[in-house]
Amino acid sequence: MLKGKKEILIAILVLTSVGLFYFGFGYLKGSNLFASGRTYYAIYGNVAGINNDDPVSVNGFRIGKIRSSTLIPDEDVVVLELEVSHSGLNIPEDSRAIIANTGLLGGKEIDIEMGFSSVFLGDGDTITSGTEQDIFSSLSSSLEPFEKKALEAVVSIDSVMKLVQVVLNQKNRTNLESSMQDVAETMDNLNATSADLKSLIASESSNIKKVIENLGKVSNDFAQISDSLKDIKFNETIHRVNASLDNANAILGKINSGEGTMGKLVNNDSLYLYLESASKDLDLLLIDFKENPKRYVHFSVFGKKEKSEKK
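Encoded structure:
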């Protein structure tokens, strides 16, 4: 009888230990065996780094776990079954289940980004999925512009090196040395010219001084001429010139209107006609005089004898 009681007690202890182990193991994995949880599904194209029992959280607070993952070969996607054990949490239908990084070592979790819809997901619904860029991808994207610039810099350096090689070949080096020698000779010539110029200035300093003094005198003369021009009463002179021009205009006006002798000569053609007629008569007289001179001049060497004979 006592032996049977011991066996029963041992069996009860074993069952109690198994139950406690089961509940403890489930608690350690994040499962609340007494809570009324809900299940959601999320579809991903790539679940690298995701394992069953990885946490499901909201704003860093764990609300459940990944219960299972199923590959759909025909659609080339993976369906994750998300178990949310937080009974008081309602998830809006426009929320997203993001595969997020939990640290630098590559840990993953499902982070629920809560939406703003007033309609909530029900048990067994599918939540919109997404993937957070890992730190290495982020660094790669950030370094991409620098990579391009570094590549451009390398290409530029390569071009410069090629140019340097071209410049420093034997032929160009010889030409460069010749050019440098020409430059040195030019500098020597400039130095010699500068020395000659200095000596010329030193020897002609007295003449240069005289030229400067003469320029000063010329400047003073110009100043005196300017003062003299200032003293001339240009206004009175211009006034007199204008008065003379007015008088000349008045005289010309009278001539044009026919006033006075000059006006009559200019505007009346009778005198012109008379002079023209007289000129024609004079021409005719001269012609007749040339043709018949005896008609106008009686000339004879023996004029007195003729008179005596007539007597």
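Count along the sequence shown from 1, add 29, and you get the number used in the working numbering. Ideal Cβ positions, reconstructed from N, Cα and C, are used throughout, including at glycine.
Going by DSSP, which residues form a beta bridge with R91?
-> S86
Cutoff 6 angstroms; reference V280; Cβ partners in own chain excluding five residues on either side = First, the amino acid is wrong: residue 280 is Ile here, not Val. Excluding sequence neighbours, I280 sits near nothing in its chain.
Would you check if the distance between the CB atom of I95 and the CB atom of T155 is smaller than 8 angstroms?
-> no
Hey, S158 and R125: beta-carbon distance below 8 angstroms or not?
-> yes
Report the rounded CA-to-CA distance for I79 versus K137, giving the unit in angstroms.
-> 6 angstroms
Which of helix, strand or coil does DSSP assign to V76?
-> coil
What residue from E104, I127, F149, Y69 has the CA that sits closest to P121's CA?
-> F149
Assumed close pair V107, V76 - CB separation to whole angstroms, cut-off 8 angstroms | 5 angstroms
For T131, three-class secondary structure by DSSP | coil
Please classify I284: does DSSP put it in a helix, a strand, or coil?
-> helix
Coil, strand or helix - D140 by DSSP = strand
Is S116 closer than 8 angstroms to L109 when the C-beta atoms are compared?
-> no
Under the DSSP definition of a beta bridge, which residues are partnered with T160?
-> I128
Span separating the alpha-carbon of K237 from that of D187 = The residue asked about is misnamed: residue 237 is Ile in this sequence, not Lys. Using only the alpha carbons, I get a separation of about 60 angstroms.
Is the beta carbon of V87 sitting closer than 8 angstroms to the one on I141?
-> yes
Boundaries of the beta strand (DSSP E) in which L111 is found, first to last residue | 106-113
Would you mind working out which of S208, L302, S223, R91 sits nearest T131, comparing C-alpha positions?
-> R91
Outcome for Y69 when other beta-carbon atoms lying within 10 angstroms are tallied against a minimum of 16 | buried
Go through its chain and collect everything with a Cβ distance to S46's Cβ below 6 angstroms, but skip five positions before and after it.
-> none
Please state whether DSSP places F145 in a helix, a strand or coil.
-> coil
Would you mind stating whether A129 and E161 have Cβ atoms separated by less than 8 angstroms?
-> yes
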